[in-house]
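Report on one structure; see the data block that follows.
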Amino acid sequence: MDFGPFLLLAVMEGLVSAAVLALTASGLSLVFGIMRVVNVAHGEFFMLGAVLAWFVSQFVPGPAALSFALALILCPLVVGLLAAIADWAVLKRLNYEPEATIVATIGILYILQQAALSLFGPDARPVPAPVDFRVQLPWFGYAGYKLVVVAAAAMILTLLWVVLSRSRAGLIMRATQEDRDMARAFGINVDRVYAGVFALGAALAAMAAVLVVPITQAHYLMGGDPLLLSFITVIIGGLGSLRGTLIAAIVIGLTDGIVSTFFAPTLARIVATLAVALILVVRPQGLFGRTAP
Amino acid sequence: MKRDDLKVTPTRRDVLKGLGATGAIALGGLSARYAQAQSAEPIRIGFQLHRTGIGASYGRWYERTATAALKVLNDQGGINGRPVEILFEDDGTDPRRGAEVVEKLVMQARCDVVMGTLFSHVVMGSAPRAGELRVPYLVCSEGHHVASGALNRWVLQPGITDVKSQVQSMAPFVTQNLGRKVTMVFPDYAFGHDHRDFFTAAVAAQGGEVIKHIAIPPTETSFTRYFPQIPRETEVLYHVMVGPSVLTFVKELGEFYGSGARPQLFGFIDSLEAVAIDSPGLEFLEGSHFWEGHPRYRQDDAGEHEDLYRAAVGVDANGASVTDPRDVSTYSHMFSVWETLFILKRAMEAAEYRGPADRQAVVEAMEAMTEFPEGLEHPQGPKLFNGRTHQAFGLQSISQVRNGRLVRVHRTAMEDGFYPDEVDYTTMSF
């Protein structure tokens, strides 16, 4: 294949990774930014979204687009609710101690993974795409749905941005992030904010998974890669900075697409991990993070 | 009257006789019961099963096939008149856990032999432990690792042909009918490397050339990014993939070529095992060719044994479960479980197996075997067994996708797959 089409394909693939990564990582970033909780179970919320999407696609009759639309609304809600319960039942009892929450979320990771194995089974299961068209370029064909994923992710992220920066809920979240005790003094129910943020973070991961599952199939072990890449993104972007996370997701997604198309996906993973190490040495707070007060 | 009295009243001699007879019966009865107790002790076969992990769809069908074969075997009277049990233990398709499973089956569950492993990295991880435990380890894997001499005398593969033999016997069909410039896509671990090495050599021997190797990590979930590496002058794209993402792989391959020009496709059915060939997005496979170990769709010339086997394992004429048409079998691999179990029966009977002390005799009995005729015990077809390399050789099928079904267009000859021995396990110590 010539260089031009090769690059085009690489960029398209990169954009898809970037879109999914941006959604997943923004969830992780929110949870860390506002709650200071390192959520190791984030990838499993992603997996749950995909697995639930499969259940919806199986049990909702009618065209694929309908069941998919339903999954896109229902799955993040269910996963968010589950996350809120986890927050109330586990994290809150630990007073959000950083070390304790890491260990606790590792536990949640295994519980969710094994529950999925028991209830969903060990097989990878396909979920039909809501739209089925192919973009035929002179050099290669491309799944139209992948472009839909990019557009949908961009829309959801814009919505998230508006909610965080313009709405009252966003204001409360930012206030809690700024100073938890002061927020409480002003009558904000911090417990409820935390539960809500944890749920929102998980729901974002689930949403990313529902979008991507028609491309990759649902599988109970699919949470590992998104978790690793989300961590890389959040560290490079700056812990707790949503803008940093988005920019880092685009950079990492595109690098991943281009490096893995031109060279090898393993090399892309090596490059990303090295970049994290480099950032941690040179600029520990990340590209857009603020230094700890 | 006196005579009558004598008749009814037992004399001392009568009583003694009676006692003796009763004693004899009692003794005989006891000893018979004892003998029965010894022979009624079931033979326990440990089955290393990929119930979870990347081999799960194979594991599901290996378990069903083993259970079906076990029923036939026990209905026939078991092994040496003893009933047979199979203990399934999940290894998560993980080599490290594989070794632990072998140990658990042998040390804790007291299994007489261990069998059933498919994924070659699990075989590689478990075989040394089986050797240390001195337990026959019968793999159903296709990998060349047994015949290459990399393992030990306790490991045998009597139920399925290895990759080296498979690809060597198919290469002439590929170069003569599809094209001579081949690009290979394969998983980047032992099984894929067998394909890379032996198919490349086999194509070269036929005057063709493999112009590009594309290795894909077995845990990969997205494949489009690998396809631009396929050189434009490729005439045949040879693909073999494994794991849960195989459907994604073939789908993305179809998307990539779309309606544009594409090379001929020759796939190992592994790329589609447990996947319905009429899945949406796979229409582009129409007309392409696949290797099949055992034709998934019932062929018109299927014999009586094939039909008996198909019914016993619960597979319909389309290769799917009779209870769920969406649950497609791993038909090209699972026959090896069935056949291995019956070969084990023959070997244990030849060795007059009584207990773990006779394990070595089982291996030696198997090494002495040479031929397995087609029949209920060998529904996939006849096989030759090489006791020196511990490897079986059978017939391979090449099928073409026609109207969304796989139709066999070529069957290799036994000698197409022969190659010089690389090891003589019989000279190794136990």
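Heads up: the sequence lines are chains U and B, in that order.
All the letters of the first sequence, read from the start, carry residue numbers 1 to 293 under our numbering.
All the letters of the second sequence, read from the start, carry residue numbers 294 to 723 under our numbering.
Where a beta carbon is used, it is the ideal one built from N, C-alpha and C, also for glycine.
Rounded C-alpha distance that separates residue i from residue j
i	j	result
residue 473 of chain B	residue 629 of chain B	32 Å
residue 384 of chain B	residue 193 of chain U	43 Å
residue 23 of chain U	residue 450 of chain B	48 Å
residue 428 of chain B	residue 397 of chain B	12 Å
residue 463 of chain B	residue 470 of chain B	11 Å
residue 479 of chain B	residue 231 of chain U	30 Å
residue 597 of chain B	residue 41 of chain U	53 Å
residue 343 of chain B	residue 353 of chain B	8 Å
residue 325 of chain B	residue 718 of chain B	Residue confidence is low: residue 325 of chain B scores 41 on pLDDT, short of 50, so the model does not pin down where it sits. No coordinate-derived value is stated.
residue 240 of chain U	residue 222 of chain U	25 Å
residue 3 of chain U	residue 262 of chain U	10 Å
residue 20 of chain U	residue 55 of chain U	21 Å
residue 730 of chain B	residue 539 of chain B	The structure shown does not extend to residue 730 of chain B, since chain B spans only 294 to 723, so no value can be given for it.
residue 711 of chain B	residue 149 of chain U	50 Å
residue 329 of chain B	residue 377 of chain B	The pLDDT assigned to residue 329 of chain B is 44, lower than 50, so where the model puts this residue is not dependable; a value taken from the coordinates is nonetheless given after this. Roughly 15 Å separates the two Cα atoms.
residue 476 of chain B	residue 47 of chain U	34 Å
residue 528 of chain B	residue 623 of chain B	29 Å
residue 360 of chain B	residue 426 of chain B	26 Å
residue 323 of chain B	residue 406 of chain B	Low confidence applies here, because residue 323 of chain B scores a pLDDT of 44, under 50, leaving its location unreliable and the question unanswered by this model.
residue 386 of chain B	residue 169 of chain U	46 Å
residue 125 of chain U	residue 663 of chain B	42 Å
residue 103 of chain U	residue 576 of chain B	48 Å
residue 682 of chain B	residue 357 of chain B	29 Å
Any C-beta of chain B under 8 Å from that of residue i
i	result
residue 28 of chain U	no
residue 266 of chain U	yes
residue 134 of chain U	yes
residue 142 of chain U	yes
residue 117 of chain U	yes
residue 257 of chain U	yes
residue 288 of chain U	no
residue 261 of chain U	yes
residue 46 of chain U	no
residue 124 of chain U	yes
residue 18 of chain U	no
residue 58 of chain U	no
residue 101 of chain U	no
residue 216 of chain U	yes
residue 211 of chain U	no
residue 128 of chain U	yes
residue 6 of chain U	yes
residue 219 of chain U	yes
residue 9 of chain U	yes
Chain U within 8 Å of residue i, Cβ atoms only
i	result
residue 550 of chain B	yes
residue 318 of chain B	Residue placement at residue 318 of chain B is poorly supported in this model, since its pLDDT is 47, which falls under 50; the coordinates are not used for a value here.
residue 540 of chain B	yes
residue 322 of chain B	Bear in mind that a pLDDT of 44 at residue 322 of chain B, under 50, signals an unreliable position, so the number given afterwards is only what the model happens to contain. No, its Cβ sits nowhere closer than 8 Å to a Cβ of chain U.
residue 556 of chain B	no
residue 483 of chain B	no
residue 589 of chain B	no
residue 719 of chain B	no
residue 616 of chain B	no
residue 513 of chain B	yes
residue 344 of chain B	yes
residue 349 of chain B	yes
Beta-carbon proximity check, residue i vs residue j, cutoff 8 Å
i	j	result
residue 209 of chain U	residue 49 of chain U	yes
residue 414 of chain B	residue 483 of chain B	yes
residue 516 of chain B	residue 509 of chain B	yes
residue 52 of chain U	residue 39 of chain U	no
residue 265 of chain U	residue 513 of chain B	yes
residue 251 of chain U	residue 30 of chain U	no
residue 259 of chain U	residue 267 of chain U	yes
*Do the region 3–21 of chain U and the region 139–154 of chain U meet, that is, are 3 or more Cβ pairs less than 8 Å apart?*
Short answer: they touch.
*Answer yes if the region 629–643 of chain B comes into contact with the region 365–372 of chain B, meaning at least three C-beta pairs across the two stretches below 8 Å, and no otherwise.*
Taking 8 Å as the limit for Cβ pairs, the verdict is that the region 629–643 of chain B does touch the region 365–372 of chain B.
*Kindly confirm or deny that the region 589–608 of chain B and the region 646–657 of chain B touch, where touching means at least three C-beta pairs closer than 8 Å.*
No contact exists between the region 589–608 of chain B and the region 646–657 of chain B.
*Sequence ranges, alpha helix (DSSP H) only - wholly within the region 648–683 of chain B, length at least 4*: Here the runs fully enclosed are 652–660.
*Per the contact definition of three or more C-beta pairs closer than 8 Å, is the region 491–502 of chain B in contact with the region 452–463 of chain B?*
Yes, the region 452–463 of chain B touches the region 491–502 of chain B.
*Which full runs of the alpha helix (DSSP H) of 4+ residues lie inside the region 107–148 of chain U, going along the chain?*
The qualifying runs do not exist here; there are none.
*Count the C-beta pairs between the region 81–100 of chain U and the region 149–163 of chain U that are closer than 8 Å, then say yes if the count reaches three, no if not.*
The region 81–100 of chain U is not in contact with the region 149–163 of chain U.
*Any chance the region 434–446 of chain B sits against the region 523–543 of chain B, with 3 or more Cβ pairs inside 8 Å?*
No: the two stretches stay apart, fewer than three of their Cβ pairs being nearer than 8 Å.
_Using 8 Å as the cut-off, can you tell me whether the region 243–257 of chain U makes contact with the region 571–582 of chain B, which would need three or more C-beta pairs spanning the two stretches below that distance?_
The region 243–257 of chain U is not in contact with the region 571–582 of chain B.
*asked:* List, from N- to C-terminal side, the alpha helix (DSSP H) runs of 4 residues or more that fit wholly inside the region 556–590 of chain B.
replied: For the region 556–590 of chain B, not a single whole alpha helix (DSSP H) run of length 4 or above is found.
*Tell me, please, whether the region 484–491 of chain B touches the region 108–127 of chain U by the rule of three or more beta-carbon pairs shorter than 8 Å.*
Contact between the region 484–491 of chain B and the region 108–127 of chain U is absent, because fewer than three Cβ pairs lie under 8 Å.
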